[in-house]
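Trainee: To start, I am sharing the structure in question, which I have written as structure tokens.
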């Protein structure tokens, strides 16, 4: 018998999810989601794994980034929860009805069972209502191995929508190159909330960044922006995806087997 991952939320519309959402709605958060500051407009569809999330919360509509890890699963940050979520794949300009776009509602949301207000385990799986059709503009992004290492000085790519430099609104996908920092840079800034086993310290002194999207190093998803300064000044803290590979794989496997029953 397959045992389901504990504390999984079965449905975005369930009473359990509504209670969880209510309990977390009032937190004073400095999480960073759905936006990117600085960088440049990306070449259209040069990041085909990107997912744009439109999230309905108790009081408003929010946006986040994410990435397609399987035809019917998207990975994002746990703080990107909501009472309902729609995922847009294959988009460059989110305000346009591009022929490449696939808009799919989220069937179930699975925040990590140990996610908490200190931003520990800030990662979530979204199961889509149907499988995405893989195309040149919609493709999967690789997960890192469990022992994958990223080191200070490595420069990786972050992509996202919503805002560019000088507070100018944008609906087009932007990208920025960011450097991995030494753990001490985030430990001195954030102290207790930073844990090097599940976090990565990222940010350049000359770049401001703010995104719920994947941090990609050599075509592998290594991090997801979790929290930082409200004004967006670096460094920021990213969830270290390699520490959650086992949880991601087990959760997807369980629900794939469940769907076959």
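Numbering (the numbering used here), first residue to last: 49 to 309.
Glycine is no exception: its CB is placed at the ideal position from the N, C-alpha and C atoms.
Using CA coordinates, which residue listed in 87, 131, 200 and 100 is at the minimum distance from residue 143?
Mentor: 100
Trainee: Should residue 167 and residue 284 be called a contact, given that it needs their Cβ atoms to be closer than 8 Å?
Mentor: No, Cβ-Cβ distance for residue 167 and residue 284 is not below 8 Å.
Trainee: Considering Cα atoms alone, identify which of 156, 203 and 179 is closest to residue 268.
Mentor: 203
Trainee: Where does residue 124 land, buried or exposed, given buried means 16+ other C-beta within 10 angstroms?
Mentor: Counting Cβ neighbours within 10 Å, residue 124 comes out buried, since at least 16 surround it.
Trainee: When the Cα of residue 103 is compared with those of 127, 117, 94 and 187, which residue comes out closest?
Mentor: 127
Trainee: Just mark residue 201 as buried or exposed, buried being the case when its beta carbon has 16 or more other beta carbons within 10 Å.
Mentor: exposed
Trainee: Curious, which full-length beta strand (DSSP E) runs of at least 3 residues does the segment 110-157 contain?
Mentor: Runs found: 121-124 and 132-137.
Trainee: Over the uninterrupted beta strand (DSSP E) stretch that includes residue 274, give me the two end residues.
Mentor: Going by DSSP, residue 274 is part of the beta strand (DSSP E) stretching over 268-275.
Trainee: Buried or exposed: which applies to residue 214, given that a residue is buried once 16 or more other Cβ atoms fall within 10 Å of its Cβ?
Mentor: Model confidence at residue 214 stands at a pLDDT of 48, short of 50, so the residue's coordinates are unreliable; what they give is reported in the following sentence. Exposed is the call here.
Trainee: Report all residues from its chain with a CB closer than 6 Å to the CB of residue 263; omit the five preceding and five following residues, and keep chain order.
Mentor: Closer than 6 Å at the Cβ level, and outside the excluded window around residue 263, lie 204, 206, 270, 271 and 286.
Trainee: Along the chain, where does the alpha helix (DSSP H) containing residue 232 start, and where does it finish?
Mentor: Start and end: 231-238.
Trainee: Along the chain, where does the beta strand (DSSP E) containing residue 181 start, and where does it finish?
Mentor: Secondary structure note for residue 181: it is in no beta strand (DSSP E), with a DSSP letter that is neither H nor E.
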